Every structure is written in C-alpha cells, then in structure tokens.
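In full-length UniProt numbering, the protein residues as written are 1 to 430. For glycine and all other residues, C-beta sits at the position ideal for the given N, C-alpha and C. Note that the structure is predicted; figures quoted are calculated from it, not measured.
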C-alpha cells in the first residue's frame with residue numbers, strides 16, 4: 001500500500017524523469033531500447049555524429065546513502081509523518097557477515113544501501129537517481145532503466161561530438177561522486193555510431209573517466225573502452241546499427257531449443273507444443289523487435305532458418321518442407337511478420353502521432369510519414385511506424401479499433417501472406 005501511494009504521488013505530480021523507464025507502469029526495457037535507437041537513427045539521418053556512453057555502476061543498490069535518500073524524499077515533498085515513516089524504514093539497519101557456517105557475532109549499523117527484494121526498494125532507488133536522468137547536457141540526453149544508463153551525444157563533427165561527450169561525461173561523473181555512487185570505468189564503454197562500415201581511427205578521441213584535462217599527455221588515468229558493440233538491456237547494439245551481432249546471438253539461443261522440441265513432440269499434442277513455442281521461442285524473437293527487426297534480409301535470414309528448424313522438428317516435417325506451407329500449418333508468423341505486427345501495434349498504441357486534419361484523407365494517411373535523407377533510416381521504426389500503419393490501415397481499417405482487436409486483425413491478415421507478399425509490405429527496405 002505504501003509503495004502504491006508513493007508511486008501514485010510521483011506519477012501524478014510528474015516528479016520522475018521521462019527518460020527513466022525502470023520499475024514504472026506502462027514502461028519497459030523494450031521502450032527504453034526503442035527510444036535509444038530512435039534517437040541514434042534520427043541524428044545519423046540528419047548528418048550528425050553520435051556517441052553513446054553506456055555506464056556500469058558498481059553495486060548501485062548497495063551504495064545508496066540513506067541520509068541523501070531521505071533528503072531527496074523531502075525535496076520531492078514527502079515531509080512530516082510520511083518522512084518519519086521512511087526514516088524509520090531506512091535507518092538503523094544492522095548487518096552481519098556470514099561465511100559458510102560461521103556468522104559474525106557483532107552487528108554493524110549500516111548507513112548505506114536499500115533492502116533488495118523489497119517492494120519499496122526499486123521505487124526508492126528511482127527517487128535516488130532521478131536527478132541523474134534530469135541533468136542538463138549540451139547536445140546530449142540521458143536514458144535509463146533503473147541503473148542501466150546510457151548517455152547519448154550528437155554533433156556536426158567527430159571532434160565536436162567528442163567534446164560534448166567529454167563535458168557531459170564530466171557532469172555525470174561529478175553527480176555520481178556527490179551522490180556516493182561508483183562508476184566501474186573498466187566496464188563502461190562508448191560507441192561512435194556511423195552509417196558506414198569505414199574503420200574510423202579514434203586515437204585522439206578517448207573519453208577519460210575523470211575531470212582532468214584530457215589533452216594532458218602526462219595523464220595516467222584510465223580511459224573508457226571504445227567498443228564495436230555493447231549489450232544494453234539484452235540487446236547487442238553495434239556501431240553501424242545493423243544488429244548483425246545481436247541476430248547471431250539470437251540464432252544461437254533459438255537453435256538451442258531444437259533439442260527441447262525434439263523431445264517434447266513425442267509426448268505432447270500440437271496445442272501444447274505451440275504454447276511452449278510461444279513461451280520459449282517466439283518470446284525471444286519478439287523481444288525489442290521494433291528496434292532490430294528492420295535489419296537487412298541477408299542478416300535476418302539465419303534467424304528465419306533457425307525459426308523454421310524449430311517448427312519442422314516440432315511437427316515432424318521434412319527438411320525441405322515448403323516454407324509457406326510450414327507457417328500456414330503451424331499458424332505462426334515469420335520473423336518479418338512479427339516485426340511488422342509489433343511495429344504497427346506500437347504505432348497504434350501511441351496514436352495520434354500526427355493525425356491528418358482532413359477526414360477525407362484519414363484512411364489513406366492516418367500518420368504523416370517522416371521525411372528521411374538516407375535509406376539507412378528507412379529500416380527503423382522512426383520511419384516504418386507511420387509508413388506501415390498507413391499501408392495496413394488502407395486494407396484493414398484499424399485506426400478506430402481497440403488494441404486487442406487491432407492485434408487480432410493484423411495477425412489474421414499477416415499469417416496468410418507468403419514470403420513475397422510480406423516483403424512487398426516492406427518494399428521500402430529493398
């Protein structure tokens with residue numbers, strides 16, 4: 001009850017940053033990755049250079065200062081008896097050390113950390129780091145899911161975006177130090193995003209994990225590691241945003257399930273097998289698919305083959321069984337169709353996007369299609385969301401239906417499409 005009232009107070013008064021996606025209703029890791037890729041795509045399409053710094057906080061929940069947390073609660077308007085309640089909950093917690101069967105006899109009073117596994121713990125953590133997501137960074141933005149935080153900066157040149165990233169990172173480092181949070185510099189990586197596959201040398205572009213003059217040649221402080229790809233909230237993001245590495249990892253995960261279905265098919269009927277498929281396999285395929293599902297056909301093909309291998313094994317189909325007949329018999333969507341379904345459903349959930357004023361054109365153009373400067377951007381939701389929604393709305397008239405009905409209509413329409421028809425929906429990608 002206390003946590004519910006606290007969350008309601010924070011949400012009703014809009015006290016939490018919009019860039020914080022963790023432990024909040026109607027927000028998820030998928031949305032966090034979705035917003036991150038949209039920011040990068042938009043800036044690259046506009047000709048801006050973009051750097052992403054992915055922070056690794058060392059034991060974030062265990063290093064929270066109880067006194068600072070109480071001060072932050074008071075700053076947010078929680079005072080009087082309510083503040084005393086939280087003071088009693090947070091303060092005077094004792095800890096002991098246990099190694100094997102031996103437990104220390106002395107109990108030590110701890111003034112750091114919040115109870116993990118508790119209902120209030122995640123909400124109190126959001127309050128503690130809320131200021132971090134609201135820091136003002138020049139040409140930069142902070143996106144966070146709990147303690148998984150990414151700093152994104154854009155600039156007209158590589159030198160300019162580096163300066164923005166260095167200055168912004170210094171601001172974040174200062175905030176972390178003042179709030180007694182530790183940054184693990186060895187595990188904090190940064191990526192320079194680019195549309196091209198050129199091997200860009202960044203010998204002189206090192207982002208230091210401190211505030212000294214980074215041009216100082218005598219500096220011996222550790223620098224952040226430049227990476228070609230980084231895993232953020234379960235999605236492997238690479239420097240070119242082609243998601244090749246992520247899809248390769250998905251293929252490995254999906255193919256490991258073949259053994260499960262090879263054994264399950266001998267003891268279960270298809271209804272149960274399909275339920276297991278949806279729970280184990282399709283859940284892997286659809287996670288954050290609005291961010292990576294627009295990858296090139298050649299990159300996506302191995303994942304589609306892995307999906308088909310699962311279906312053939314589960315239903316005793318031969319190796320060369322026709323693809324379209326396989327999906328029709330199993331009544332499941334292909335990877336591409338899952339991408340289309342999730343993109344259109346996400347667009348449906350956020351409408352009105354930019355509704356066309358004229359009712360006469362409403363059916364043809366519910367959303368105004370964003371203009372892009374490069375074909376690169378046309379593989380991502382920022383363009384495909386309005387584009388696919390308009391295209392399917394012409395056929396199915398989904399604009400005025402509820403979310404569940406929209407999902408049902410789209411699924412029934414997509415499942416009967418063959419490979420060619422599905423790709424025609426995405427002909428803008430070719």
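Within a 10 Å sphere around the beta-carbon of residue 20 sit 16 or more other beta-carbons, which makes this residue buried.
In the DSSP assignment, residue 53 falls within the unbroken beta strand (DSSP E) covering 49–54. Counting only the Cα atoms, residue 412 lies some 19 Å from residue 311. DSSP places residue 148 in the strand class (E or B) of the three-state scheme. For residue 83, the secondary structure class from DSSP, reduced to helix, strand or coil, is helix.
276 is the residue among 62, 170, 276 whose C-alpha sits nearest the C-alpha of residue 259. Taking 4 residues as the minimum length, the alpha helix (DSSP H) runs contained wholly in the stretch 216–288 are 244–255, 258–264, 270–277, 283–286, in order along the chain. Shown here, residue 388 sits in a helix according to DSSP, grouped into three states. Residue state for residue 93 is assigned as strand, using DSSP reduced to three classes. In this structure, the beta-carbon distance from residue 289 to residue 335 falls below 9 Å.
Between residue 406 and residue 154, the alpha-carbon positions lie close to 37 Å from each other. In this structure, the CA atom of residue 387 is about 11 Å from the CA atom of residue 380. Per the Cβ contact rule, the stretch 137–152 is not in contact with the stretch 83–99 (fewer than 3 Cβ pairs under 8 Å).
By the Cβ neighbour-count rule, residue 61 is buried, with 16 or more other Cβ atoms within 10 Å of its own.
Under DSSP, residue 102 shares a beta bridge with 99. The criterion of a C-beta distance shorter than 9 Å is satisfied by residue 224 and residue 188.
Between the stretch 294–306 and the stretch 238–253 there are three or more inter-stretch CB-CB distances shorter than 8 Å, so the stretches are counted as touching.
Sixteen is the threshold: when 16 or more other Cβ atoms of the shown chains lie within 10 Å of the Cβ of residue 314, as they do, the residue is buried. The shortest C-alpha to C-alpha distance from residue 112 to any of 50, 104, 103, 93 is the one to 93.
With fewer than 16 neighbouring CB atoms inside 10 Å of its own CB, residue 178 falls in the exposed class.
By the CB criterion at 9 Å, residue 2 and residue 24 fall outside the cutoff.
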